[in-house]
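Numbered per this note's numbering, the sequence shown finishes at 990, counting up by one with no gaps.
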Amino acid sequence: MGRSRVRGFAVLVAGAALVLAGCEVSTIGAAGPAAADQAKADARTAQRDAVKAAVDDLAEQEAIAYRSQLRNDAGELVDLALSVTKNGTTYGAVGVGGQVVNLVEADGKPYLSAPPAYWKTQGVDDGQAEEYGKRWMFVEDSDLPLRASQVLTPREIRNALYDASLGLDQLADPVKTRLADGTEVYELSLPKGKLQITAVKPHRVVSFDAGLIDGTGKAFGAGTVVSPGGLTGDALAQFKNGLGGAVDAFAQAFDYAAELVVLVDGNDLQCATSGSCTSNIKVRNSITGADGRVSGVRILAKADVSAPGLGSQTCTAEATAAPNSVVDVPCTVRFSVPNRTASYQVTSMPSATGEAIAAVDVGAIKQKIEAEFATLGG
């Protein structure tokens, strides 16, 4: 009996050892993969937190400068910057189709300044394109390559970049890289482009591909890398001063969207024995759909004057007319008349073009800019 109890005790102890050993092996087997998975999950969480902190920082800015580069016809890279306040006031340049296009949105109205080559791509004839290239143009929202006040204010860019980040493969491991200056960044490869965020605090948006933001690809080009940065102090003051200088030039702005018709309504040709011939060209203008937007019409009249035996001469003359009015524009040529008695049949073929002059209260706009920037700290 004693031996039986001893034997039974030994069996129980051995059984307990086997059970405990089994539990220990099972626990070790589950702990390895779980720890690795947790580390990956933590890394993905850290990346998500960094993205949110970075875009939230943009939302808190009073104004943001968006910097990009354009390769010009000479193959050189040109640095561009477009600045936007939290209220949507905009000033700066973007690259459109290889051309530098300057934009302003002030007092809720859009203006555009671009070289003749840009206007030609918009269907403007050569002569008008040259004239447009000399001045700011008051345009419609639809004429802008980018409506910055709608998509690039601090709040809007925050929402757009955050929404874009949600397209990241949630099971993919975070990718980190280093910039040329040694800064470590998260590089998110998203369906429409890349987003770079600093990997260490304070997290900031380093750059994003323009294609990530709806409405910017046409202006920057879908493959363009854009670097946003908040503006304060002197940088904010420079933004205001540059904007003010542009607004000063609005006094010469044309209204690109005005529907203007210019017609020659008559031509009175008068010639003197000295050989001078003046075409008094009567020009009528008609504007529709631009009530209050147009202060006047710049008329450019031309006359091709000819006479058998004397040849031909061309003259041009300018005048400013009130909207929906008729104006007389005198245009004079001078022939070299032989010193003998003779008569000549002189003909004059007139033509005229016109541009609507935008009604812009420069002083009022600048006052509103001063008031806005005073609240922004600029």
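For every residue, glycine included, the Cβ atom is placed at its ideal position computed from N, Cα and C.
Contiguous beta strand (DSSP E) elements confined to the stretch 762-792 occur at 788-790, taking only those with 3 or more residues. CA-CA distance, Gly845 to Lys852, rounds to 11 angstroms.
Within the model, the alpha-carbon separation for Asp826 versus Arg816 is close to 21 angstroms.
About 12 angstroms separates the beta carbon of Cys883 from that of Ala915, a gap too long to meet the 8 angstroms contact definition. For Gln681, the secondary structure class from DSSP, reduced to helix, strand or coil, is strand. Inclusion of Tyr678 and Gly854 in the CB contact set at 7 angstroms is not warranted, their separation being larger than that value. Ranked by Cα distance from Gly901, the first of Ser886, Leu872 and Gly923 is Leu872. In this chain, Tyr956 is not harboured by any beta strand (DSSP E), its DSSP state being neither H nor E. Between the stretch 763-779 and the stretch 668-676 there are three or more C-beta pairs closer than 8 angstroms, enough to call the two in contact.
Shortest Cα-Cα distance from Lys652 to any of Val763, Arg683 and Leu783 involves Leu783. In this structure, Ala870 lies away from Val895, with their beta-carbon atoms at least 7 angstroms apart. At the C-beta level, Ala865 and Val972 come within 7 angstroms of one another. Of the other Cβ atoms in all chains shown, fewer than 16 fall within 10 Å of the Cβ of Val787; this residue is therefore exposed. Beta-bridge analysis with DSSP links Val895 to Val876 and Val939. Less than 7 angstroms separates the beta-carbon of Ala760 from that of Val696.
Residue burial annotation: Leu791 is exposed, with fewer than 16 other C-beta atoms found within 10 angstroms of its C-beta. Contact between the stretch 941-957 and the stretch 912-931 is present: three or more C-beta pairs spanning the two stretches fall below 8 angstroms.
Taken through DSSP and simplified to helix, strand or coil, Leu724 comes out as strand.
In the displayed model, Tyr730 falls within a helix according to three-state DSSP. At a Cβ-Cβ threshold of 7 angstroms, Ala675 and Leu692 do not count as neighbours. Put simply, the backbone Cα of Leu756 is about 13 angstroms away from that of Thr733.
Inter-residue distance for Ser891 and Ser754 is about 40 angstroms (C-alpha atoms, whole angstroms). For Phe947, there is no enclosing alpha helix (DSSP H), since its DSSP letter is neither H nor E.
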